[in-house]
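Asker: Counting in UniProt numbering, the sequence shown runs from 1 upward without gaps. One structure follows; several queries about it will come next.
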Amino acid sequence: MAEEPRAPLRRIIKLFRAYRGRLAVVGALILLSSLVSLASPFLLREVLDVAIPSRDAMLLALLALGMILVAVITSVFDVLQTLVSTTVGQRVMHDLRTSVYGHLQRMSLAFFTRTKTGEVQSRIANDIGGMQSVVTSTATSLISNLTTVIATIVAMLALDWRLTVISLLLLPVFVGISRKVGSERRRITSERQRKLAVISSMVQESLSISGILLGRTMGRSPELTERFADASDELAELGVQSSMAGRWRQSSIQIVMAAMPALVYWAVGYTGVISVGTLVAFTTLQVSLFRPAVSLLRLGVEVQSSLALFGRIFEYLDLSVDIHPGTRTLSDVRGEVRYERVDFSYGEEPTLADVDITVPPGTSLAVVGETGSGKTTLSYLLPRLYDVTGGRVTIDGVDVRDLTFDTLSETVGVVSQETYLFHATIADNLRFARPSATDEELEKAARAARIHDHIASLPDGYDTLVGERGYRFSGGEKQRLAIARTLLRNPPVLVLDEATSALDTQTERAVQEALDTLAEGRTTIMIAHRLSTVRDADQIVVLDHGRVVERGTHDTLMSLEGHYAALVDRDRPLEPV
Numbered sequence: 001m002a003e004e005p006r007a008p009l010r011r012i013i014k015l016f017r018a019y020r021g022r023l024a025v026v027g028a029l030i031l032l033s034s035l036v037s038l039a040s041p042f043l044l045r046e047v048l049d050v051a052i053p054s055r056d057a058m059l060l061a062l063l064a065l066g067m068i069l070v071a072v073i074t075s076v077f078d079v080l081q082t083l084v085s086t087t088v089g090q091r092v093m094h095d096l097r098t099s100v101y102g103h104l105q106r107m108s109l110a111f112f113t114r115t116k117t118g119e120v121q122s123r124i125a126n127d128i129g130g131m132q133s134v135v136t137s138t139a140t141s142l143i144s145n146l147t148t149v150i151a152t153i154v155a156m157l158a159l160d161w162r163l164t165v166i167s168l169l170l171l172p173v174f175v176g177i178s179r180k181v182g183s184e185r186r187r188i189t190s191e192r193q194r195k196l197a198v199i200s201s202m203v204q205e206s207l208s209i210s211g212i213l214l215g216r217t218m219g220r221s222p223e224l225t226e227r228f229a230d231a232s233d234e235l236a237e238l239g240v241q242s243s244m245a246g247r248w249r250q251s252s253i254q255i256v257m258a259a260m261p262a263l264v265y266w267a268v269g270y271t272g273v274i275s276v277g278t279l280v281a282f283t284t285l286q287v288s289l290f291r292p293a294v295s296l297l298r299l300g301v302e303v304q305s306s307l308a309l310f311g312r313i314f315e316y317l318d319l320s321v322d323i324h325p326g327t328r329t330l331s332d333v334r335g336e337v338r339y340e341r342v343d344f345s346y347g348e349e350p351t352l353a354d355v356d357i358t359v360p361p362g363t364s365l366a367v368v369g370e371t372g373s374g375k376t377t378l379s380y381l382l383p384r385l386y387d388v389t390g391g392r393v394t395i396d397g398v399d400v401r402d403l404t405f406d407t408l409s410e411t412v413g414v415v416s417q418e419t420y421l422f423h424a425t426i427a428d429n430l431r432f433a434r435p436s437a438t439d440e441e442l443e444k445a446a447r448a449a450r451i452h453d454h455i456a457s458l459p460d461g462y463d464t465l466v467g468e469r470g471y472r473f474s475g476g477e478k479q480r481l482a483i484a485r486t487l488l489r490n491p492p493v494l495v496l497d498e499a500t501s502a503l504d505t506q507t508e509r510a511v512q513e514a515l516d517t518l519a520e521g522r523t524t525i526m527i528a529h530r531l532s533t534v535r536d537a538d539q540i541v542v543l544d545h546g547r548v549v550e551r552g553t554h555d556t557l558m559s560l561e562g563h564y565a566a567l568v569d570r571d572r573p574l575e576p577v
């Protein structure tokens, strides 16, 4: 991904807009807490200048009680504002996570073919997770410390304006130093998150079952471990750099601020312009000023760092969605599918060009051709995994781009060669198609898919965990589970994308029987690799370099002695005897 976008503060603030009522409560609690806490120095001054010299026990008791009461009230306010602000922060985090996830769900398949899964996971987990402290506590701390600083300066001016001016002279210098440190930390944070994404991708790829199998069988496990160690070492170094960025400059700020009360004592001792009570009250306020002032400078650095994280999240939210849902629905679907002068391209070279195909309701179409001829791409256009770049694809005369996604998923079922099963039970995987399905409906679908007997033989039956990506099952068993899952959805239009090409002959027969059951009474589009599976199709289309070069039944195409006949002749040794 290219250049990192800017994350303007107004866009970040917009995330909190829905919670402005609660934020107003937080602001009010912070303001009240700050105002109440300012009473302590003035009570202390009265204790030192009036109550103790006059030995007024009643006044001394009241002033002491007042100081205790101030501590109790500010503590209650702090607990309440922490509760409300943390709740708001967590809701904002929730909104951000779901916005990114929902936005990515709307992306076309093209985005996921060019983006590593680990990179996507890192954006949602590491980047948004890294913003948690900023969103949940930094904003509140910023308001709290800023309010405290302003209120404290006002109180200091009320005590002695000259000493206040002396105390504030160096603040602009400190602000400049902090901004410079923040910029440096932001750069390091951005690089650190990129490295985290690399590590997430490495873990996702090399520690998946497929990755472990490949690493072990290729003898590359030690090299993979070394690559991970190198990336982890770079990440650790960036962590040190981030922690130490501007540390000496910030330490110098704290040293100077710690020395300021001593300078005030010296100035007052030299000039003798104020009373002891006023002096103690002023230095108490001065400490109260410097603590939130230092926190503000540190928070400024943290906010600068967090801008890099917000930038990476906004980069995903700003990705243009190239597949938008339609608004139309279908009722009483007949299942007529048409490809009308369809063009499609992944880049400059066309993948499909001027494709015209009509599939009457309830009939079967087989699409054959050499590898790279555009067969799978043709199947992807019907369920809108991609959108056509020219022409249109229709169901019952309605452009699929005009249909809602729910309507399209209910109308078109897909069984592909790459069967995906979740790390869950068999029942949960089947109910992914229809959550309301009963146990009886699961069993009926499994029987139709020729997989029930195998499931029943397992110790836990339908409650058996399938394992990561279904690795506890064979390829044929996974395919039949996928067929059962599609049967539960009961779509009137079916796309079979080379669903048996990777199976042995015996398993292929079992799966083909299940597919035949699935295809009964449905409009079926088969993307064929083994031509033995398409002989009985009502219509066969031959693609060559994205164009339809032949069409007809098996017998008709064989009589032409053209592309199809050549494919069948080459495929003949693979046919069962």
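C-beta atoms are modelled at their ideal positions from N, C-alpha and C, and glycine is treated no differently.
1. With three or more C-beta pairs closer than 8 Å as the rule, is the segment 143 to 163 touching the segment 315 to 335?
2. Do you know offhand how far K444's Cα is from V414's?
3. Please state whether DSSP places E550 in a helix, a strand or coil.
4. Taking DSSP as the reference, what is the three-state secondary structure of L421?
5. L261 by DSSP, collapsed to three states: which one?
6. Spell out the partners DSSP gives E340 in its beta bridges.
7. Any idea which residues DSSP pairs T556 with across the strands?
8. Rounded to whole angstroms, how far is the Cβ of V264 from the Cβ of T278, which I believe are closer than 8 Å?
9. For the candidate residues M260, G21, R472 and L285, whose alpha-carbon lies nearest to that of H423?
10. If you reduce the DSSP assignment to three classes, tell me which class residue 579 lands in.
11. Would you grab the beta carbon distance between T419 and Q512 for me? Rounded to a whole angstrom, and I think it's under 8 Å.
12. Could you check where the alpha helix (DSSP H) with T524 kicks off and where it finishes?
13. Using 10 angstroms around the beta-carbon of F112, count the other beta-carbons present and answer buried if the total reaches 16, otherwise exposed.
14. Is V36 near V70, with beta carbons less than 8 Å apart?
15. Quick one: Cα of Q286 to Cα of V79, how far?
16. Which whole runs of the alpha helix (DSSP H) in the segment 40 to 65 are 4 residues long or more, in chain order?
17. Do you know offhand how far V400's Cα is from P491's?
18. Compute the Euclidean distance between the alpha carbons of E4 and Q241, then round it to the nearest angstrom.
19. Evaluate L560 with the Cβ neighbour count: other Cβ atoms within 10 Å of its Cβ, from every protein chain shown; 16 or more gives buried, anything less gives exposed.
20. Thinking C-alpha only, which one of R551, R509 and T486 is nearest A519?
21. Could you tell me the distance, in whole angstroms, from the CA atom of L352 to the CA atom of Y346?
22. Do you know offhand how far A262's Cα is from R187's?
23. How many Å lie between V88 and G27 at the Cα?
24. Mind checking who P350 pairs with in its DSSP beta bridge?
25. So M544 is in the beta strand (DSSP E); what residue range does that whole segment cover?
26. What does the Cβ neighbour count give for Q105, buried or exposed, with the cut at 16 atoms within 10 Å?
27. Please determine if the segment 368 to 379 and the segment 535 to 550 are in contact, where contact requires at least 3 C-beta pairs separated by less than 8 Å.
28. Please classify D463: does DSSP put it in a helix, a strand, or coil?
29. Is the distance from the Cβ of L289 to the Cβ of I166 below 8 Å?
30. Since I527 and K375 are thought to touch, with beta carbons under 8 Å apart, how far apart are those beta carbons, to the nearest angstrom?
31. Quick one: is A236 buried, meaning 16 or more other Cβ sit within 10 Å of its Cβ, or exposed?
32. Any idea what DSSP makes of V568, helix, strand or coil?
33. Note down the Cα distance separating T556 from V412, rounded to an integer number of angstroms.
34. Among I395, E119, P222 and T189, which one has its Cα closest to the Cα of S200?
35. Residues in the same chain with beta-carbon distance under 6 Å from L63, minus the five sequence neighbours each way, listed in chain order, please.
36. Under a three-way DSSP split, which group does D399 fall into?
Answerer: Working from what's here:
1. no
2. Taking the first residue of the sequence shown as 1, we reach residue 444 at position 444. Taking the first residue of the sequence shown as 1, we reach residue 414 at position 414. Roughly 19 Å between the two C-alpha positions.
3. What you label residue 550 is simply residue 550 of the sequence shown in a count that begins at 1. Three-state result, E550: strand.
4. Counted from its first residue, the sequence shown places residue 421 at position 421. In this structure, L421 counts as coil in the three-state DSSP scheme.
5. The count along the sequence shown starts at 1 and reaches residue 261 at position 261. Residue 261 is actually Pro in this sequence, not Leu. The answer is helix: DSSP assigns P261 an H, G or I state.
6. Locating residue 340 in the sequence shown gives position 340, where the first residue counts as 1. DSSP output for E340 lists R392 as bridge partner(s).
7. Your numbering for residue 556 matches position 556 in the sequence shown. DSSP lists no partner for T556.
8. Counting from 1 along the sequence shown, the entry for residue 264 is found at position 264. Counting from 1 along the sequence shown, the entry for residue 278 is found at position 278. Not a contact, Cβ separation roughly 11 Å.
9. The residue you call residue 423 lines up with position 423 of the sequence shown. Checking every option, the nearest Cα to that of H423 belongs to R472.
10. Missing from the structure shown is residue 579; the chain here goes from 1 to 577 and no further.
11. Working through the sequence shown from its first residue, we reach residue 419 at position 419. Working through the sequence shown from its first residue, we reach residue 512 at position 512. Between Q512 and T419 the Cβ distance is about 15 Å, and since that is not below 8 Å, they are no contact.
12. For the purposes of this step, residue 524 is identified with residue 524 of the sequence shown, where counting begins at 1. Premise fails: T524 lies in the beta strand (DSSP E), T523 to I527, not in any alpha helix (DSSP H).
13. If you number the sequence shown from 1, residue 112 lands on position 112. The residue in question, F112, is exposed, as its Cβ has fewer than 16 Cβ neighbours within 10 Å.
14. Taking the sequence shown and counting its residues from 1, the one referred to as residue 36 is at position 36. Taking the sequence shown and counting its residues from 1, the one referred to as residue 70 is at position 70. Yes; because the gap between Cβ atoms is below 8 Å, this pair is in contact.
15. Numbered from 1 along the sequence shown, position 286 holds the residue referred to as residue 286. Numbered from 1 along the sequence shown, position 79 holds the residue referred to as residue 79. Looking at the two C-alpha atoms, the distance is approximately 25 Å.
16. none
17. For this step, residue 400 is matched to residue 400 along the sequence shown. For this step, residue 491 is matched to residue 491 along the sequence shown. Rounded to the nearest angstrom, the two C-alpha atoms are 15 Å apart.
18. Position 4 of the sequence shown, counted from the start, is the residue given in the question as residue 4. Position 241 of the sequence shown, counted from the start, is the residue given in the question as residue 241. Reliability of the predicted coordinates at E4 is poor, the pLDDT of 43 falling under 50, and the value obtained from them is presented with this limitation in mind. Rounded to the nearest angstrom, the two C-alpha atoms are 21 Å apart.
19. Locating residue 560 in the sequence shown gives position 560, where the first residue counts as 1. Result: exposed.
20. Position 519 of the sequence shown holds residue 519. Answer by Cα proximity: T486.
21. Along the sequence shown, read from residue 1 onward, the residue named residue 352 stands at position 352. Along the sequence shown, read from residue 1 onward, the residue named residue 346 stands at position 346. In a straight line, the C-alpha of L352 is about 10 Å away from that of Y346.
22. For the purposes of this step, residue 262 is identified with residue 262 of the sequence shown, where counting begins at 1. For the purposes of this step, residue 187 is identified with residue 187 of the sequence shown, where counting begins at 1. Approximately 37 Å, taken between the alpha carbons.
23. Numbered from its first residue, the sequence shown carries residue 88 at position 88. Numbered from its first residue, the sequence shown carries residue 27 at position 27. Approximately 13 Å, taken between the alpha carbons.
24. Within the sequence shown, the letter at position 350 stands for residue 350. In the DSSP output, where bridge partners are listed per residue, P350 has S345.
25. Walking along the sequence shown from the start, residue 544 turns up at place 544. The displayed chain sequence assigns Asp, not Met, to residue 544. Q539 to D544 is the span of the beta strand (DSSP E), which, as asked, contains D544.
26. By one-based count along the sequence shown, residue 105 stands at place 105. When all chains shown are included, Q105 counts as exposed.
27. yes
28. Locating residue 463 in the sequence shown gives position 463, where the first residue counts as 1. D463 falls in the helix class under three-state DSSP.
29. The residue labelled residue 289 in the question sits at position 289 within the sequence shown. The residue labelled residue 166 in the question sits at position 166 within the sequence shown. Their beta carbons are not under 8 Å apart, which means L289 does not touch I166 by this criterion.
30. Locating residue 527 in the sequence shown gives position 527, counting from the first residue. Locating residue 375 in the sequence shown gives position 375, counting from the first residue. Contact holds; Cβ gap of about 5 Å.
31. Here residue 236 refers to the residue found at position 236 of the sequence shown. Burial call: exposed.
32. Counted from its first residue, the sequence shown places residue 568 at position 568. Reduced to three states, the DSSP call for V568 is helix.
33. Along the sequence shown, one-based indexing puts residue 556 at 556. Along the sequence shown, one-based indexing puts residue 412 at 412. Approximately 29 Å, taken between the alpha carbons.
34. As a position in the sequence shown, residue 200 is number 200, starting the count at 1. Ranking I395, E119, P222 and T189 by Cα distance to S200 puts E119 first.
35. Here residue 63 corresponds to residue number 63 of the sequence shown, with the count starting at 1. The residues are L43, E46, V47 and A51.
36. As a first step, residue 399 must be located in the sequence shown, where it is residue number 399. DSSP places D399 in strand when its eight states are reduced to three.
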